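Visitor: Pasting a structure here, questions to come.
Protein chains: 2
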Amino acid sequence: MIIEQKLVAALRGHKMKITPQRRFIFQALERGMYRHPTAEDIFRDVRQTLPDISLTTVYNTLRELVGMGLLRQVDLGEGMTRFDPNTDLHHHLLCMRCGRLEDIYIRFPCIALPADQTQGFTVTNHQVIFEGICPDCQIQPA
Amino acid sequence: MIIEQKLVAALRGHKMKITPQRRFIFQALERGMYRHPTAEDIFRDVRQTLPDISLTTVYNTLRELVGMGLLRQVDLGEGMTRFDPNTDLHHHLLCMRCGRLEDIYIRFPCIALPADQTQGFTVTNHQVIFEGICPDCQIQPA
DNA sequence: TATCCAGGTTGTAATGATTACAAATTAGAG
DNA sequence: CTCTAATTTGTAATCATTACAACCTGGATA
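As they're listed, the protein sequences go chains A and B. Heads up: the first sequence is residues 75 to 216, going by this note's numbering. Heads up: the second sequence is residues 75 to 216, going by this note's numbering.
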């Protein structure tokens, strides 16, 4: 319920309407059975309870949430975007073979860009992606 | 010449043919006027000297190079893939507003995944993406 | 509670990057 | 020089995502 409530509150704060479609999308994110769903994943999930929801609505809603900073967008080289309802600072561990993606909760205090290396950028955030092979893929032939 | 030679040698090693198309693609990567080109960027560049090259060939070649580990693939949320001829371990600094991407050459010795956090993965690599706003975009209204 | 409209939803069509495929070409071994 | 497997090419498909226009509705208002 935590995520859903947070998102509903955010909608109120932005004077946006709380529609059943949005509610179900939030619940799908909440259910976290998959932690890094694609738009299509959410669509399939919500469809089970709201069979007439449109894929466009899912895309719209996810885009809005990202815009409001309530959802993190994760881009790997998969050809599609994944969404991460966990906006806490954390990192990722990616299987290069099957695409499995896990969260890593460690703080790396040494990751900071010295002022003389920012090239004038204002740095607001950073993320680490660890690449490797997951246990399942290690077993398989190759 | 360094990159081109390295790539040509790699082709030989893999018993692949050294075609003019591939050579010009290597040279375009070499020219590094743009350090993180898209397939389209390379296509436009090579076209100036080889007007009949096909976009498909560019995609094929880039894909092969990535597969051989000679080119790094960089995926941001831009809807297209960028390629980085620099395979040295380095990190990136990304402007969230205009997509400008710069290299960061610092080693962060503290970035290592403790054995009890790998979830069984064999970790082979990692990269850091710093997100922020570039100097040009800071000036502009918003 | 009934009314109303700005914001939301939907289906479909468009877009844009990338890949598949089959026919034509060519690098390079013999 | 010949021959063949690898490569290139152009076009057509694919796949994720966005644009758009018509319809619908949450929730503010009276």
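All C-beta atoms in this analysis are idealised placements derived from N, C-alpha and C, irrespective of residue type, glycine included. From a predicted model like this one, the values you see are computed outputs, not experimental measurements.
#1: Among all the DSSP beta bridges, which residues are the ones paired with residue 178 (chain B)?
#2: Using a Cβ cut-off of 9 Å, pull out every chain A residue sitting near residue 191 (chain B), in sequence order please.
#3: With 8 Å as the C-beta to C-beta threshold (strictly closer), list the residues of the region 183–211 of chain A near chain B in chain order.
#4: If we cut at 8 Å on Cβ distances, does residue 150 (chain A) have a partner in chain B?
#5: Would you call the region 161–178 of chain A in contact with the region 141–150 of chain A, where contact means no fewer than 3 C-beta pairs closer than 8 Å?
#6: Of all the residues that make up the region 76–107 of chain B, which are near chain A by a beta-carbon distance shorter than 7 Å?
#7: Within its chain, find whatever has a CB closer than 6 Å to the CB of residue 101 (chain A); leave out the 5 residues flanking it on each side and keep chain order.
#8: Beta-carbon separation of residue 191 (chain A) and residue 185 (chain B) under 8 Å?
#9: In chain B, what lies closer than 7 Å to residue 147 (chain A) by C-beta?
#10: Going by DSSP, what residues sit across from residue 200 (chain B) in a beta bridge?
#11: Going by other Cβ atoms of all chains shown within 10 Å of its Cβ, with 16 needed for buried, is residue 86 (chain A) buried or exposed?
#12: Cβ of residue 155 (chain B) less than 8 Å from any chain A Cβ?
#13: Evaluate contact between the region 81–100 of chain A and the region 138–146 of chain A, counting only Cβ atoms and requiring at least three cross-stretch pairs below 8 Å.
#14: Tell me which residue opens and which closes the beta strand (DSSP E) that residue 109 (chain B) is part of.
#15: Measuring straight from C-alpha to C-alpha, what distance separates residue 118 (chain A) and residue 194 (chain B)?
#16: According to DSSP, is residue 191 (chain A) part of a helix, a strand, or is it coil?
#17: Under a Cβ-count criterion, where at least 16 other Cβ atoms within 10 Å of its own Cβ denotes burial, should residue 203 (chain B) be classed as buried or exposed?
#18: Contact check, residue 144 (chain B) vs residue 161 (chain B) under 8 Å by CB: the rounded distance?
#19: Hey, could you find the ends of the alpha helix (DSSP H) residue 137 (chain A) is sitting in?
#20: Do the CB positions of residue 159 (chain B) and residue 103 (chain B) come within less than 8 Å of each other?
#21: Apart from the five residues just before and just after residue 156 (chain B), which ones in its own chain have a Cβ nearer than 8 Å to its Cβ?
#22: Residues in the same chain with beta-carbon distance under 8 Å from residue 197 (chain A), minus the five sequence neighbours each way, listed in chain order, please.
Guide: This is what the structure holds:
#1: Paired residue(s): B:165.
#2: Result: 167, 178, 179 and 180.
#3: The residues in question are 183, 184, 185, 187, 188, 191, 192, 193, 194, 195, 196, 197, 198, 199, 200, 201, 202, 203, 204, 205, 206, 207, 208 and 209.
#4: Judged by the 8 Å Cβ criterion, residue 150 (chain A) is in contact with chain B.
#5: At 8 Å Cβ cutoff, the stretches touch.
#6: Those residues of the region 76–107 of chain B that come within reach of chain A (Cβ to Cβ, closer than 7 Å) do not exist; the list is empty.
#7: Excluding its 5 nearest sequence neighbours in each direction, residue 101 (chain A) has C-beta neighbours in its own chain below 6 Å: 78, listed in chain order.
#8: No, the Cβ-Cβ distance between residue 191 (chain A) and residue 185 (chain B) is not below 8 Å.
#9: 151, listed in chain order.
#10: Note: residue 200 (chain B) sits in a beta bridge opposite A:204.
#11: Exposed, since its Cβ has fewer than 16 Cβ neighbours within 10 Å.
#12: Against chain A, the CB of residue 155 (chain B) has a partner CB under 8 Å away; the residue lies at that interface.
#13: The answer is yes - the region 138–146 of chain A touches the region 81–100 of chain A, with three or more Cβ pairs under 8 Å.
#14: Unbroken run through residue 109 (chain B): none, as it is neither H nor E.
#15: Spanning the alpha carbons of residue 118 (chain A) and residue 194 (chain B) requires a straight line of approximately 30 Å.
#16: Reduced to three states, the DSSP call for residue 191 (chain A) is helix.
#17: It counts as buried.
#18: Confirmed, about 7 Å.
#19: Residue 137 (chain A): member of the alpha helix (DSSP H) spanning 129–141, first to last residue.
#20: Yes. Within cutoff.
#21: Excluding positions up to five away in sequence, the list reads 110, 111, 112, 147, 148, 149, 150 and 175.
#22: Within the same chain, residue 197 (chain A) has close Cβ partners 187.
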